[in-house]
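Set out below in structure tokens:
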């Protein structure tokens, strides 16, 4: 019992240090948040590409979560969980509502590349910022990709491995690549 108690205290201390480091780098992090090892929330050191990372109260981010605003913004609502290996790019702005569950290895994007004509390197073309939003109480299953410019309505459930390429209405259940609505969450 004593060893377990010591390990819990060390974990809390480690999280507090990671939160302090993220805050020192410019991230806004609410009280009661927990960051596991490898969670990286830095807004960026390059002033030309510095963005804003805002995390509300009591969020929990698992190992390897990466938030990169790339000159845009990422906002995460209260009591939200981001699973291992979640990557969020906020160039066009990402808003995640309160009480969301984003399972491991999900990707949330908010910009696209301009399609270059043949003979012109795609890499030389500018990004097209497109805001991406997840409503309150959204559940993204493992490995979901949310593409730029998509709004996922409140209470949606997205099946593992889905690729969300268009807006989804509140309380929809969607699966597949591209994701399609197969039903709605039942009323309480």
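In the working numbering, the protein residues as written are 13 to 200.
Each residue gets a CB set at the ideal place from its N, CA and C atoms; glycine is no exception.
It should be emphasised that the depicted structure is a prediction, and the values quoted were computed from it without experimental measurement.
(1) Using a Cβ cut-off of 8 angstroms (strictly closer), state whether residue 100 contacts chain C.
(2) Which residues in the same chain as residue 188 place their Cβ atom closer than 7 angstroms to its Cβ, once the five residues preceding and following it in sequence are excluded?
(3) What do you get for residue 30, buried or exposed, if any count of 16 or more other CB atoms within 10 angstroms of its CB means buried?
(4) So, helix, strand or coil for residue 23, using DSSP?
(5) Which first and last residues belong to the beta strand (DSSP E) in which residue 192 is found?
(6) Could you check whether residue 50 and residue 76 sit closer than 8 angstroms to each other, using their CB atoms as the reference points?
(7) Beta-carbon separation of residue 120 and residue 92 under 8 angstroms?
(8) Alpha carbon to alpha carbon, what distance is there between residue 130 and residue 140?
(9) Excluding sequence positions up to five away, which residues of its chain have a Cβ less than 7 angstroms from the Cβ of residue 122?
(10) Apart from the five residues just before and just after residue 11, which ones in its own chain have a Cβ nearer than 7 angstroms to its Cβ?
(11) Got a sec, what are the start and stop residues for the beta strand (DSSP E) residue 184 sits in?
(12) Could you give the first and the last residue of the continuous beta strand (DSSP E) run that contains residue 141?
(13) With DSSP as the reference, identify every bridge partner of residue 106, one or two as the case may be.
(14) Taking 8 angstroms as the cut-off, decide whether the C-beta atoms of residue 53 and residue 65 are in contact.
Inspection of the coordinates gives the following:
(1) This model lacks chain C altogether; it includes just one protein chain.
(2) Residues of the same chain with a CB within less than 7 angstroms of the CB of residue 188, apart from the 5 flanking positions on each side, are 174 in chain order.
(3) Sixteen is the threshold: when 16 or more other Cβ atoms of the shown chains lie within 10 Å of the Cβ of residue 30, as they do, the residue is buried.
(4) Residue 23 falls in the helix class under three-state DSSP.
(5) Where residue 192 is concerned, the enclosing beta strand (DSSP E) stretches over 192-196.
(6) A distance below 8 angstroms separates the beta carbons of residue 76 and residue 50.
(7) Going by C-beta atoms, residue 120 is not nearer than 8 angstroms to residue 92.
(8) Rounded to the nearest angstrom, the two C-alpha atoms are 19 angstroms apart.
(9) Result list for residue 122: 84, 101, 102, 103, 104, 105, 106, 141, 142, 143, 144, 160, in chain order.
(10) Limits of the chain in this structure are 13 at one end and 200 at the other, which puts residue 11 out of reach.
(11) 184-187 is the extent of the beta strand (DSSP E) around residue 184.
(12) Element bounds for residue 141: 139-141.
(13) Under DSSP, the beta-bridge partners assigned to residue 106 are 86, 144.
(14) At a Cβ-Cβ threshold of 8 angstroms, residue 53 and residue 65 count as neighbours.
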